[in-house]
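A.B. asks: In terms of the working numbering, the sequence shown opens at residue -19 and continues consecutively. Every residue, glycine too, gets a C-beta built ideally from N, C-alpha and C. Since the model is a prediction, treat every value here as computed from it, not as a measurement. Handing you a structure now.
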Amino acid sequence: MAARSTTVSRFIAAPRERIYRAFLDAEAVATWLPPGSMTGIVHAFEGREGGAFSMSLVYPDDEASQLGKTSHKTDRFEGRFARLVPDERIVWATVFDSEDEGFSGEMTVSTILSPADGGTDATIVCENIPAGIRLEDNEEGCRLTLDKLATFVGG
């Protein structure tokens, strides 16, 4: 089976340094990472290379079309900062907390911050996406996350 991956990019009218810092602060990540109307809860967070994190993304009570990977309304995951290149690249290695084997395996999420006129081109590359996640859903979630990140950093 071929590796499952997606790539989503967005221009953000903010400097790379500000965006990079938003990845290293637990409170910031809880604000901008949850796509759409989901909310985030950070359980553990060590914002350094090799540092571990654990987080839950919670669907709103009125969400009926999506089910969580961990429970009916929750996607819980843990991971580590696999690589950090200041102001350029953030690589997370993540695993979903789920009894469904369709969500098993380690997914790599790389965010590349490239200089652009008036701001930054931010690109999220997800690799080894579990078979239980539709690629189009992953792409849409990444787009929504980048939109929230742009709003969070003022761009």
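Answer with buried or exposed for T(-13), where buried requires no fewer than 16 other C-beta atoms within 10 angstroms of its C-beta.
C.D. replies: Here residue -13 refers to the residue found at position 7 when the sequence shown is read from its first residue. Exposed is the call here.
A.B. asks: Can you tell me whether V65 is buried or exposed? The criterion is at least 16 other CB atoms within 10 Å of its CB, across all chains shown.
C.D. replies: On the sequence shown, residue 65 is found 85 positions in, with the first residue counted as 1. The residue in question, V65, is exposed, as its Cβ has fewer than 16 Cβ neighbours within 10 Å.
A.B. asks: For D55 and V38, what's the separation of their Cα atoms in angstroms?
C.D. replies: Mapped onto the sequence shown, residue 55 falls at position 75. Mapped onto the sequence shown, residue 38 falls at position 58. D55 and V38: Cα-Cα distance of roughly 6 Å.
A.B. asks: Give me the DSSP bridge partner(s) of W72.
C.D. replies: One-based indexing of the sequence shown puts residue 72 at position 92. W72 is bridged to F61 and V89.
A.B. asks: How close, in whole Å, do the beta carbons of F3 and T91 come, if the pair is a contact with beta carbons under 8 Å?
C.D. replies: Against the sequence shown, residue 3 aligns to sequence position 23. Against the sequence shown, residue 91 aligns to sequence position 111. About 7 Å; that satisfies the 8 Å criterion.
A.B. asks: DSSP beta-bridge partners for E107?
C.D. replies: Within the sequence shown, residue 107 is the residue found at index 127, counting from 1. Partner(s): S(-15) and T88.
A.B. asks: For A111 and A(-6), what's the separation of their Cα atoms in angstroms?
C.D. replies: Here residue 111 refers to the residue found at position 131 of the sequence shown. Here residue -6 refers to the residue found at position 14 of the sequence shown. In a straight line, the C-alpha of A111 is about 34 Å away from that of A(-6).
A.B. asks: What are the boundary residues of the beta strand (DSSP E) that includes F83?
C.D. replies: One-based indexing of the sequence shown puts residue 83 at position 103. Premise fails: F83 is in no beta strand (DSSP E) and is neither H nor E.
A.B. asks: Within its chain, find whatever has a CB closer than 7 Å to the CB of V75; leave out the 5 residues flanking it on each side and keep chain order.
C.D. replies: To locate residue 75, count along the sequence shown from 1; it is residue 95. If we look at V75 and ignore the five residues flanking it on each side, its Cβ neighbours are F57, E58, G59 and E86.
A.B. asks: Assuming I(-1) is part of the beta strand (DSSP E), what are its boundary residues?
C.D. replies: The sequence position of residue -1 within the sequence shown is 19, counting from 1. That residue, I(-1), is in no beta strand (DSSP E); its alpha helix (DSSP H) goes R(-4) to F3.
A.B. asks: Which residues does DSSP list as the beta-bridge partners of D55?
C.D. replies: For the purposes of this step, residue 55 is taken as residue 75 along the sequence shown, with counting starting at 1. Paired residues: L37.
A.B. asks: What is the C-beta distance between V133 and R(-2), in whole angstroms, given that I count them as a contact (C-beta under 8 Å)?
C.D. replies: Here the question's residue 133 lines up with position 153 in the sequence shown. Here the question's residue -2 lines up with position 18 in the sequence shown. Correct: roughly 5 Å between the Cβ atoms.
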